Amino acid sequence: MSDFESSGKSSPKTTLTAATPAGETIQTTATQQPSLETQSECQAAIESLFHILTSIPPPHSSGTVLLHDPSISSQISTLLRHPDTGAGNHHLCRWLYDTFLSSIPELQLLVLRYIPLVAGVYVTRVTQVRPLAGFEAVLLAVYAHEATSRAGQAISVRIPDLSSPSIYHESNVPVENNATELNMAVISSRLEPHGTVRSTKRARIVGVALEVYFSKILLMPVGSKLDFCEFCEVWAGQDGDMYRGGRAAEGGRPRGGEGDGGGGEMVEGGRIPLPWELLRPCLRILGHCLMSGENKELYDKASGACRCLYARALHDLDPMAILAAGSLLKLMKMETSSDDFDTTEMAIVKHQTC
């Protein structure tokens, strides 16, 4: 997935000329620092945020600084979780919408940091009679940006031909017409333009917003990922503790039957429909949280979310969800087994054999 591209004025570029020892001339293009206009626009957006928050951060703060500021993230999180948040005239939703449309990567990254919260609160409240136009505007802005950047193309990958002995061998089977399509896997289908969030397209729009979040997940703080894992447990609506310790990797259901409608009292709402177009980006984000090794708290939270989603997949008898969530549980079990492996035991056995 490509990086954000500015729809406004591009940053000025400078052509540098250098001579090689052989006498050849090489020209390279270097991007200068952001223009004064971009800096002033960024500072104006940050100052407008200060009028919404209760405490004011240090002056001349940048979007990158605010991205990792725990005080700012705590205030914004509290405001987004407030029962009255989500209306079209809500100041924070309006700020998120306008800031993302500014096409300044630094500010867009700051907005994406709160996409898990926006998506989580929005989806859990969608069945309630509350105005949610503010949340929908933010999600549609991210969706429209991604649809424009893809230019009507789907995201696909080419997979090896499984009829060959290995990826380094060519198959002797004659190639038929359109046989290449069998070796193409579509990760995300092409995006159609949407001006409103309809019930039939809601999962797709929220899923695309999470895909954009996943494309920048390496730049996101741990707190944002913890928020996402929390909502995954709530969305699943199933208790996954019976799969603790990797019992899911052995196959079959737990002895106690299906999980209870868990979720607890974390946030309002709870169990929601989880079609594949919404579940797939969720599992990709959870896979990063499990394998990144950033933080033990994040690993534990992502593990719990995976177990809940696996229990939900078994409850719904969804084959793709069972395979995908079960694979994450197997990865967790493999990682735990590798941590318990002692390399000195191999050395002792080898010495005794010799």
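Residues 74 to 427 (this note's numbering) make up the sequence shown, in order.
All residues carry an ideal CB built from backbone N, CA and C; glycine is no exception.
Since the model is a prediction, treat every value here as computed from it, not as a measurement.
Check your understanding: Span of the alpha helix (DSSP H) holding valine 230?
Key -> Run containing valine 230: none in the alpha helix (DSSP H); it sits in the beta strand (DSSP E), 228-231.
Review point. Can you round the beta-carbon distance between arginine 380 and aspartate 300 to whole angstroms, since I take them to be within the 8 Å contact cut?
Key: At roughly 18 Å, the Cβ-Cβ gap does not stay under 8 Å, so arginine 380 and aspartate 300 are not in contact.
Practice item. Measure how close the beta-carbons of threonine 158 and alanine 118 come, nearest whole angstrom, since I'm counting them as under 8 Å. Key: In fact, because the Cβ distance is near 19 Å, the residues do not count as touching under 8 Å.
Exercise for review: Note the first and the last residue of the continuous alpha helix (DSSP H) segment covering serine 222.
Suggested key: 206-223
Exercise for review: Return the bridge partner residues of methionine 257 from the DSSP annotation.
Suggested key: Arg231
**Study point:** Beta-carbon proximity list for alanine 386, same chain, < 7 Å, skipping 5 on both sides
**Key:** Ala394, Ile395 and Ala398
Check your understanding: So isoleucine 358 and phenylalanine 304 are in contact, right, with Cβ under 8 Å, and what is the actual spacing, rounded?
Key -> Not quite, the Cβ-Cβ distance comes to about 11 Å (not below 8 Å), so this is no contact.
Review point. Touch check for the segment 208-224 and the segment 148-168: three-plus C-beta pairs under 8 Å?
Key: yes
Check your understanding: If you run the structure through DSSP and keep just helix, strand and coil, what is proline 156?
Key -> coil
Exercise for review: Determine, using beta carbons only, whether leucine 404 and glycine 377 come nearer to each other than 9 Å.
Suggested key: no
**Study point:** As assigned by DSSP and simplified to three states, the class of isoleucine 345
**Key:** coil
Review point. Between proline 233 and the ligand NAP, is the CB less than 8 Å from at least one heavy atom?
Key: Looking for the ligand NAP in the displayed structure turns up nothing, as the structure carries no ligands at all.
Practice item. Please state whether DSSP places arginine 271 in a helix, a strand or coil. Key: coil
Exercise for review: Grab me the residues of isoleucine 290's own chain with a C-beta within less than 8 Å of its C-beta, minus the 5 sequence neighbours each way, in chain order.
Suggested key: Lys298, Ile358 and His361
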